[in-house]
Every structure is written in structure tokens, then in C-alpha cells.
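**Student:** Taking the working numbering, the leading residue of the sequence shown gets 888, the next gets one more, and so forth. Glycine included, C-beta positions come from ideal geometry on N, C-alpha and C. This structure is a prediction, so every number in the text was calculated from the model and none was measured. Take a look at the following structure, please.
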Amino acid sequence: MTTEATPPSTAASPSARQVWTRTRGIALALVVLLAAAVAIATIRSDARHGTLDPRSADRQGSRAVAELLADRGVDTSVVTTLDEARAAADADTTLLVAAPDLLTPGQQRALRTATTGAAGRTVLVAPGSPSVERLAPGVTADPANSLDSRLSPDCALPAARRAGTAETGGMRYTTTHLDADECYPSDRLATLLRIPETGGDGTGDTVVIGAPDILFNDRLDEQGNASLALQLLGSRPHLVWYLPTLSDTAAADEDDQRGFFDLLPSGWLWGTLQLFIAAAVAALWRARRLGPLVPENLPVAIRASETVEGRARLYRKANARDRAATALRSTTRIRLAPLVGVPLTQAHTPEALLPALSAHLHRHGDGQTLHTLLFGPPPGDDAALVSLADQLDALEREVRRP
């Protein structure tokens, strides 16, 4: 096997422009996905701004119920930390926990300890399992939610009977407390529970609501929502509205500390996995080959012209003009060397081939022209490559001419 004197070409390795041309579609798709994710997150963030906040006039805020309570002499204060909520628990206060599931197990146990025996009312809005089991022992959340949002009271609780039909459909609960009021049932499971406090003076209680709809600004005037909300929250002169936040670490145990991935919703994790799978499939689709090239015999005979055309198309697709020029020049040198008496081992050595070639030719006396033709730089465009092929062919014909 002979070795060329010229440095090896690297045209088969794609340039930065070629890489950008091939990958810009994938890059554009990723940018679109990222922009869509940011837009969705922004929209969802705006939609949930002020949810169940008594200071918010948004559709899902609760300013309307706070204003109605104020007209009835009930003052509403907002707290965002566990310490403030625990300090507010007393006989003259209704403590509403807007998002019980945001509390860690340690915080839930601490809040339950503070409200037990305080003789006040605790209202839990749509607590899930196991949150409700810590905040209201003896109560269990059913895995299936209510199919209907508007339900009838169907219980003896005076507040529910006066309010009538209300939109409490959501989480459903069962309880082991025999003296509990089980209201607004859906398939025989209550969506509103009132559990009287055992011990003490017996005036305290815990109310569990399966859905927050009766507190929303845009739902307060429907059915008996306003009546039910005002009666549940206005039984005492003070209402403390507890909006838990993730930044509150009071009473949090070390076991409650969650990492970054624990805070991500499961849907985002599945979405990220799907993106990785899509990227892997795209990489396999765009891959040039899955391993090193392995030479093997063709199952059928292929005409030389078809092989040449196929290789030419590959060179053209990769813009590998220098590779094509190198192949043409190398093949021409190999064919010319025996014709001018140069060993094949020196066919690619300019010092051996060019003098013998110049002596053999009568038209090409210029050695520099022969050097440029057989060992020159790669052509700059396709037209120059075609011209090079024609010149090499003419040179070989002239050498072979008797």
C-alpha cells in the first residue's frame, strides 16, 4: 500500500457551517419547546396568582368572602408561617388552613397539637391523604374524587341545612368519629365533615371541606356557597387565614427536607424523560453510522459506472471536493507511474514522478504546471473540480499516446 506525500484531507469531517445546517432543525425544535414550556409556566403562574388569598380580587381569590365577613363583624388576618398560625389558635378564632398539603408532616403534627384543646374552629380546605390523617385524626381521604361538584347537604348540621345545595364536590372523606357531621355526600362518602372536639369545654371543632370552590370570588354567588362559607368561617369573631408557603421551615423535621427532584411534579419528570427519548431517537435517525465500517463482498455485481456515480453523490452531498480531488489525483498518479517508468512505491513522490513525466511529454514542459495538476491544492468549487478531472483525463491520454 502506498503513502501519499500530501497531508491527509479532512473534508469528510463536517465544518461548523455544515454542522449548523444539519442540526438547526433540532435546535429550532428545542427552542420552540423551551419557549412553550416558559409560556405555559407563565400562564399557569398568572392563573394561580392569589388563589384562596383573602386579599386577592382574582377569580380564584377570596376577597369577596372576607369583605362579607367584615360586614358581619368578623375581622380577617392573613398569616404565612406556622408560628403565627399556632399563636393565633384560641377559643375566639377560626383558623383556616388554605393549603394543608403544603405543610410537612412535622408542621402538620405541630399545628394539630396547637389547635387541640384551644376550643376554636379549624377549617381544612381540601386536604389529601395522609395530610388529613395528621391534621384530623380519625379522618381518611378517599382516593377517588366526587364526580359531581354541586351536592345536597343531606345531614343535620344547621349551617349545611340553611345553605342548601353547595359546590363542595371534590375530595371525599370517611371518619371513625361517631359524633361527626357527614354532609354533602357523593356516593355515600362525605365531602364536608365537622368533627367536634373531644374533651375540654366541647366548643371546639374541626371542619374538613373537600373543595375550595365555595371560597372563590367567581363562585361565591352560586348555589348556597356564600351562605355555607359565611357560616363556617363566621362562627367566631376572628378569622385567621393561614396561607402555607414552601419557604416556611418552622417545626420541619430533617426527614421532611426534600430535595430539588422531590419538589418537581411527576408530570415534569415524565415530560423530561420523553424529551430524552425523543432526543435519542433523533440522534439515531441522524447518525451517519452506528459503528466502524466493515468491508464485505457485494451480493450482486455492480457496474463500475454506478459505483463511481454513487461515490460522487456522497462526495457532493458532503461538499468533499478536496476528497474527490485527492482520489482523482491519486488514481491518475498510480496509472501514470508505470507508463513513465516510475515504481508504484514512488508514484506519490513529486521528486520521482514529475521529472519522468516531463521527460516523457512533449507538450507539458512546465514542471510547475504538472505539479499543480497532480499535487496541487483542492479546487474551490464544483466547476473547478470538473475542470481538474478533465485535465487529468487529458494528461493521461497524452501520456498513453504512442
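Based on the DSSP secondary-structure assignment, which residues constitute the bridge partners of Thr-963?
**Tutor:** DSSP output for Thr-963 lists Leu-1126 as bridge partner(s).
**Student:** Put Val-1290 into one of helix, strand or coil per three-state DSSP.
**Tutor:** Here the chain comprises residues numbered 888 to 1289, so residue 1290 is not present and cannot be evaluated.
**Student:** Between Arg-1291 and the rest of its own chain, which residues show a CB-CB distance below 7 Å, the 5 nearest in sequence each way excluded?
**Tutor:** Only positions 888 to 1289 of the chain appear in this structure, which leaves residue 1291 out of reach.
**Student:** For Val-1229, which residues in the same chain have their Cβ closer than 7 Å to its Cβ, ignoring the five residues on either side in sequence?
**Tutor:** Here the set comprises Ala-1239, Leu-1240 and Ala-1243.
**Student:** DSSP three-state label for Pro-895, please.
**Tutor:** Caution applies to Pro-895, whose pLDDT of 43 falls short of 50 and renders its modelled position unreliable; the value that the coordinates give is listed next. In the structure shown, Pro-895 sits in coil (DSSP, three-state: anything other than H, G, I, E or B).
**Student:** Could you give the first and the last residue of the continuous alpha helix (DSSP H) run that contains Arg-1203?
**Tutor:** Arg-1203 -> alpha helix (DSSP H) spans 1191-1204.
**Student:** Output the distance between the C-alpha atoms of Gly-1121 and Leu-917, rounded to the nearest integer angstrom.
**Tutor:** Their backbone Cα atoms lie some 52 Å apart in a straight line.
**Student:** Would you call the segment 1123-1134 in contact with the segment 959-976, where contact means no fewer than 3 C-beta pairs closer than 8 Å?
**Tutor:** Result yes; three or more Cβ-Cβ pairs closer than 8 Å.
**Student:** Looking only at its chain, what residues have a beta carbon closer than 6 Å to the beta carbon of Ala-1271, apart from the 5 residues adjacent to it on each side?
**Tutor:** Answer for Ala-1271: no residue qualifies.
**Student:** Using 8 Å as the Cβ pair cut-off and three pairs as the minimum, do the segment 1045-1057 and the segment 1111-1126 touch?
**Tutor:** Output reads yes: the segment 1111-1126 touches the segment 1045-1057.
**Student:** Our contact map puts Ala-963 next to Leu-955 with C-beta atoms below 8 Å; I'd like the distance itself, whole angstroms only.
**Tutor:** First, the residue type needs correcting, since residue 963 is Thr and not Ala in the sequence shown. Rounded, the Cβ-Cβ distance is 10 Å, inconsistent with contact.
**Student:** With a CB to CB cut of under 6 Å and the five nearest residues on each side skipped, what residues in its chain are close to Thr-1027?
**Tutor:** The residues are Thr-1061.
**Student:** Starting from Ile-1096, follow its DSSP beta bridges and name the residues at the other end.
**Tutor:** Note: Ile-1096 sits in a beta bridge opposite Val-1012 and Leu-1079.
**Student:** Quick one: grab the DSSP three-state call for Val-1227.
**Tutor:** Correct three-state label for Val-1227: coil.
**Student:** Exposed or buried, which one is Gly-1007 when buried takes at least 16 other CB atoms within 10 Å?
**Tutor:** Gly-1007 is buried by the Cβ-count criterion.
**Student:** Please state whether DSSP places Thr-1159 in a helix, a strand or coil.
**Tutor:** Helix at Thr-1159.
**Student:** Which class does Leu-875 belong to by DSSP, given the choice of helix, strand or coil?
**Tutor:** Residue 875 is absent from the model: the chain starts at 888 and stops at 1289.
**Student:** Could you tell me the distance, in whole angstroms, from the CA atom of Leu-1261 to the CA atom of Arg-1220?
**Tutor:** Each residue's Cα considered, the two are about 7 Å apart.
**Student:** Of the residues Ala-1205, Thr-1218, Leu-1257 and Gln-1255, which one's Cα is nearest the Cα of Asp-1269?
**Tutor:** Ranking Ala-1205, Thr-1218, Leu-1257 and Gln-1255 by Cα distance to Asp-1269 puts Ala-1205 first.
**Student:** How close, in whole Å, do the beta carbons of Ala-975 and Leu-939 come, if the pair is a contact with beta carbons under 8 Å?
**Tutor:** Not a contact, Cβ separation roughly 17 Å.
**Student:** Kindly identify the DSSP beta-bridge partner or partners of Cys-1070.
**Tutor:** Partner(s): Leu-1079.
**Student:** Exposed or buried, what is Ala-1001 when buried is set at 16 or more other beta-carbons lying within 10 Å of its beta-carbon?
**Tutor:** That one is buried.
**Student:** Buried or exposed for Ala-1212, please, with buried defined as at least 16 other CB atoms from any protein chain shown within 10 angstroms of its CB.
**Tutor:** With 16 or more other Cβ atoms within 10 Å, it is buried.
**Student:** Buried or exposed for Gln-905, going by 16 or more other Cβ atoms inside 10 Å?
**Tutor:** Looking at its Cβ environment, which holds fewer than 16 other Cβ atoms inside 10 Å, Gln-905 is exposed.
**Student:** First and last residue of the beta strand (DSSP E) that includes Leu-983?
**Tutor:** Taken as a continuous stretch (DSSP letters only), the beta strand (DSSP E) holding Leu-983 covers 980-984.
**Student:** Looking at the structure shown, is Leu-1180 part of a helix, part of a strand, or coil, going by DSSP?
**Tutor:** Here Leu-1180 sits in coil by DSSP.
**Student:** Identify the residues that DSSP records as bridge partners of Leu-1038: which are they?
**Tutor:** Paired residue(s): Ala-1053.
**Student:** Considering only the alpha carbon of each residue, which of Ala-1031, Thr-1009, Thr-1003 and Ala-1005 lies closest to Gly-1015?
**Tutor:** The shortest C-alpha separation from Gly-1015 is found at Ala-1031.
**Student:** Select from Asn-1104, Phe-1163 and Ala-1053 the residue whose C-alpha is nearest the C-alpha of Ile-1096.
**Tutor:** Cα-wise, what sits closest to Ile-1096 is Ala-1053.
**Student:** Around the Cβ of Val-1195, are there at least 16 other Cβ atoms within 10 angstroms (buried) or fewer (exposed)?
**Tutor:** By the neighbour-count rule (16 or more Cβ atoms within 10 Å), Val-1195 is not buried but exposed.
**Student:** So what does DSSP say about Asp-1116, is it helix, strand or coil?
**Tutor:** What sits at residue 1116 in the sequence shown is Ala, not Asp. It is helical.
**Student:** For the beta strand (DSSP E) containing Thr-1061, list its first residue and its last residue.
**Tutor:** Thr-1061 -> beta strand (DSSP E) spans 1060-1062.
**Student:** Would a C-beta distance cut-off of 8 Å place Ser-1033 and Asp-1100 closer than the cut-off?
**Tutor:** Contact: no.
**Student:** So, does the CB of Glu-1109 fall closer than 8 Å to a CB anywhere in chain B?
**Tutor:** Absent from the structure is chain B; it holds one protein chain and no more.
**Student:** Are Asp-979 and Pro-1124 close, meaning C-beta to C-beta below 8 Å?
**Tutor:** A contact, by the Cβ cut-off of 8 Å.
**Student:** Are the CB atoms of Leu-990 and Val-1010 nearer to each other than 8 Å?
**Tutor:** Contact: no.
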